[in-house]
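Visitor: Here numbering that gives the first Met the number 0 is used: the first residue of the sequence shown is 0, the next is one more, and so on.
Here a beta-carbon is modelled for each residue, glycine too, at the ideal position from N, C-alpha and C.
Because the structure is a prediction, the values reported are computed rather than measured.
Below is one structure. I have some questions about it.
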Amino acid sequence: MASLLNQLRGLSTVDCDTLDVHVARIYGPFADCTSNQAIVLSEITKTDANGKLIYQSLIDEIIPIAHWMFGKQTDATVEELAAELLAVGLALRFTPHLNGFIHIQTNPRWCYSIEKTVKNAERIIAHVKHLSPDFDTSRVCIKIPATWEGLQACRLLENLHSIATLATIVFSMEQIALAVDAGCRHVAPYVNELRVHFDTTYTDANKDRAALFCGAAQRYCDEVASSTSAAKSAHGSLNLQTQTQVMAASLTSVDEVMRLAGAVKHITVSPPLLTELEATPAAGWPGAGTVGAAAAITGPNGDILRLKELIRDESQWRLAFTRAEAGESERKLGQAIRIFCDMQDQIERLVRKWDLAAKKAVSY
């Protein structure tokens, strides 16, 4: 009997929101694998039945490489390099179960710096080449928080460095429009604000509206791509920009996932939801009438022209984003950046702890 996961795969591309390769072996193959600092931290702190770190061998491999790389550059600390390398090392283990991108998120500390974000992205690509020289780096997509600076970094990476990007932590059409204009391969609107994954007492009261926003974002991407394609074809150009695809993220229930089925191109799904989707028969599921309900029925109409003008003016874009959803979009972006920075700090503290322990062990 077909499961909800089977049905979902027939309507949208399913990506996995984890670095746990065991999940991929059970529910894969997937298109893409998405990650962030919270996912990396969760993975590298997992222990076996004896209380020993599951990824101790990876940690032992990565920290010396980080020290070696530190001596060859001045842009990152040993701890920052190790955090990046750990994310890449975990993602590379996933690749046998994927046919698309591995998504690695940049250091959230640099989300308000174009230059540092670009350098961070280039380092991540270099890490992939170092750890897996034969891996096709065109399958690496850099996740970047959708600040003004982050999206300008996406533009440079896509257009000057041929590095694929995903604009993440998206809550507004202003972010969507700038990401599309920058040439991002993906945009990741959050259905739930990030806090819900760390505060069990909190519920995002706006998640139903956010799901509809995901559908509207996909419709915007489709219409911009259609108009761009028509314009370029009229001028005889065959060099058409790759269409930006929506990847819905930050989901907390099967109901939320299935409302987005077919409404967006991609959906990244966490292990608990993958398990529930696979265990639930599609036939007779009580929520069958809501499948795909987040799809946009009508286009953005005049919004395309308004947004195209807006993204040409940094000051006006920032103001519009600040005002979007009565300030809620900006608040949620800031909240997510703070949480990811906290996770980044925790990873770096662990690296220092493990590094010190390794040095002490050698001295005995």
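(1) Return the bridge partner residues of ILE62 from the DSSP annotation.
(2) If we ignore side chains and look at the alpha-carbon of each, how far apart do HIS160 and ALA357 end up?
(3) If you draw a straight line from the alpha carbon of PRO107 to that of THR12, how long is it in whole angstroms?
(4) Return helix, strand or coil for CYS110, following the three-state DSSP convention.
(5) For the beta strand (DSSP E) containing GLN36, list its first residue and its last residue.
(6) For PRO28, name the three-state secondary structure that DSSP assigns.
(7) Among LEU97, ALA216 and ALA90, which one has its Cα closest to the Cα of MET172?
(8) With DSSP run on the structure shown, which of helix, strand or coil describes TYR219?
(9) Counting beta carbon pairs with one atom in the region 24-38 and one in the region 258-276, are three or more of them shorter than 8 Å?
(10) Taking one C-beta from the region 136-153 and one from the region 164-178 each time, how about it: are there three or more such pairs within less than 8 Å?
(11) Would the region 40-54 count as touching the region 107-125 if we require 3 or more Cβ pairs under 8 Å?
(12) Could you tell me whether the region 79-86 touches the region 62-69, using the rule of 3 or more Cβ pairs below 8 Å?
(13) How many angstroms separate the CA atom of GLY70 from the CA atom of VAL127?
(14) Kindly indicate the opening and closing residues of the beta strand (DSSP E) around CYS140.
(15) Exposed or buried, which one is ALA325 when buried takes at least 16 other CB atoms within 10 Å?
(16) Where does TYR201 land, buried or exposed, given buried means 16+ other C-beta within 10 angstroms?
(17) What residue range is occupied by the uninterrupted beta strand (DSSP E) comprising ASN15?
(18) Going straight from the alpha carbon of LYS352 to that of ASP254, what length do you get?
(19) Grab the span of the beta strand (DSSP E) containing PRO95 for me, first residue to last.
(20) Whose CA, out of LEU304, GLU275, SER252 and LEU211, lies closest to the CA of ALA295?
(21) Does any residue of chain B have a CB that is nearer than 8 Å to the CB of ASN191?
(22) Whole-angstrom Cβ separation of HIS185 and MET257, contact assumed at under 8 Å?
(23) Short check: CB of TYR189 to CB of ILE162, under 8 Å?
(24) Closest by CA to GLU313, which one among ALA287, THR146 and LEU89?
(25) So what's LEU130 in DSSP terms, helix, strand or just coil?
(26) Short check: CB of PHE170 to CB of LYS331, under 8 Å?
(27) May I ask you to list the residues that DSSP assigns as paired with ILE103?
(28) Using the Cα positions of ALA233 and ALA323, report the straight-line distance between them to the nearest angstrom.
(29) Across the region 130-146 and the region 93-104, are there enough close Cβ pairs to call them in contact, namely three or more that are closer than 8 Å?
(30) How is the beta strand (DSSP E) around LEU272 delimited, first residue to last?
(31) If we count the other Cβ atoms within 10 Å of its Cβ and call it buried at 16 or more, is THR76 buried or exposed?
(32) One question on the structure: do ILE25 and ILE43 come within less than 8 Å of each other, judged by their Cβ atoms?
(33) Roughly how many angstroms lie between the CA atoms of VAL22 and GLY261, to the nearest whole one?
(34) My output table needs one value for GLN244: the three-state DSSP class, helix, strand or coil.
(35) Assuming ALA187 is part of the beta strand (DSSP E), what are its boundary residues?
(36) Where does LEU52 fall in DSSP's three states?
Guide: This is what the structure holds:
(1) Reading the sequence shown from its first residue, position 63 is the one you call residue 62. Answer is none; ILE62 lacks a bridge partner.
(2) By 1-based counting over the sequence shown, the position of residue 160 is 161. By 1-based counting over the sequence shown, the position of residue 357 is 358. Roughly 37 Å between the two C-alpha positions.
(3) As a working note, residue 107 is residue 108 in the sequence shown. As a working note, residue 12 is residue 13 in the sequence shown. Those two C-alpha atoms are separated by around 27 Å.
(4) For the purposes of this step, residue 110 is identified with residue 111 of the sequence shown, where counting begins at 1. Coil.
(5) As a working note, residue 36 is residue 37 in the sequence shown. Looking at the DSSP string, GLN36 is not in any beta strand (DSSP E); the run it does join, the alpha helix (DSSP H), is 36-43.
(6) In the sequence shown, counting from the first residue as 1, residue 28 sits at position 29. In this structure, PRO28 counts as coil in the three-state DSSP scheme.
(7) Position 173 of the sequence shown, counted from the first residue, corresponds to residue 172. The shortest C-alpha separation from MET172 is found at ALA216.
(8) Taking the sequence shown and counting its residues from 1, the one referred to as residue 219 is at position 220. It is helical.
(9) yes
(10) yes
(11) no
(12) yes
(13) Start at 1 with the first residue of the sequence shown, and residue 70 comes out as number 71. Start at 1 with the first residue of the sequence shown, and residue 127 comes out as number 128. If I take the Cα positions, the gap works out to 18 Å.
(14) Walking along the sequence shown from the start, residue 140 turns up at place 141. From DSSP, the beta strand (DSSP E) with CYS140 extends over 139-144.
(15) Numbered from 1 along the sequence shown, position 326 holds the residue referred to as residue 325. Classification of ALA325: exposed, given that the 10 Å Cβ count is below 16.
(16) For the purposes of this step, residue 201 is taken as residue 202 along the sequence shown, with counting starting at 1. The residue is exposed, with fewer than 16 neighbouring Cβ atoms inside 10 Å.
(17) Position 16 of the sequence shown, counted from the start, is the residue given in the question as residue 15. Note on residue identity: the sequence assigns Cys, not Asn, to residue 15. Note, CYS15: beta strand (DSSP E), 12-15.
(18) Counting from one through the sequence shown, the residue named residue 352 turns up at place 353. Counting from one through the sequence shown, the residue named residue 254 turns up at place 255. Rounded to the nearest angstrom, the two C-alpha atoms are 41 Å apart.
(19) For the purposes of this step, residue 95 is identified with residue 96 of the sequence shown, where counting begins at 1. No beta strand (DSSP E) contains PRO95, which DSSP labels as neither H nor E.
(20) Here residue 295 refers to the residue found at position 296 of the sequence shown. Measuring from the Cα of ALA295, the nearest candidate turns out to be LEU211.
(21) In the structure shown, chain B does not exist; there is a single protein chain.
(22) As a position in the sequence shown, residue 185 is number 186, starting the count at 1. As a position in the sequence shown, residue 257 is number 258, starting the count at 1. Their Cβ separation, rounded to whole angstroms, is 21 Å, which puts HIS185 and MET257 out of contact at 8 Å.
(23) Here the question's residue 189 lines up with position 190 in the sequence shown. Here the question's residue 162 lines up with position 163 in the sequence shown. Not in contact: TYR189 and ILE162 (Cβ atoms no closer than 8 Å).
(24) As a first step, residue 313 is located in the sequence shown; it is residue number 314 there, counting from the start. Measuring from the Cα of GLU313, the nearest candidate turns out to be THR146.
(25) Counted from its first residue, the sequence shown places residue 130 at position 131. Helix at LEU130.
(26) Numbered from 1 along the sequence shown, position 171 holds the residue referred to as residue 170. Numbered from 1 along the sequence shown, position 332 holds the residue referred to as residue 331. Yes; because the gap between Cβ atoms is below 8 Å, this pair is in contact.
(27) For the purposes of this step, residue 103 is taken as residue 104 along the sequence shown, with counting starting at 1. DSSP, once it has assigned bridges, lists ILE141 as partnering ILE103.
(28) The residue given as residue 233 occupies position 234 in the sequence shown. The residue given as residue 323 occupies position 324 in the sequence shown. With a pLDDT of only 46 at ALA233, under 50, the local geometry of the prediction cannot be trusted, and the value read off the model is given with reservation. The straight-line gap from Cα to Cα measures roughly 35 Å.
(29) yes
(30) One-based indexing of the sequence shown puts residue 272 at position 273. Here LEU272 belongs to no beta strand (DSSP E); instead the alpha helix (DSSP H) covers 270-278.
(31) For this step, residue 76 is matched to residue 77 along the sequence shown. Exposed.
(32) The sequence position of residue 25 within the sequence shown is 26, counting from 1. The sequence position of residue 43 within the sequence shown is 44, counting from 1. No, these two residues do not count as a Cβ contact at 8 Å.
(33) Start at 1 with the first residue of the sequence shown, and residue 22 comes out as number 23. Start at 1 with the first residue of the sequence shown, and residue 261 comes out as number 262. For VAL22 and GLY261, the distance between alpha carbons rounds to 23 Å.
(34) Here residue 244 is taken as the residue at index 245 of the sequence shown, counted from 1. It is a strand residue.
(35) Position 188 of the sequence shown, counting from 1, holds the residue named residue 187. Note, ALA187: beta strand (DSSP E), 185-188.
(36) Here residue 52 corresponds to residue number 53 of the sequence shown, with the count starting at 1. Reduced to three states, the DSSP call for LEU52 is strand.
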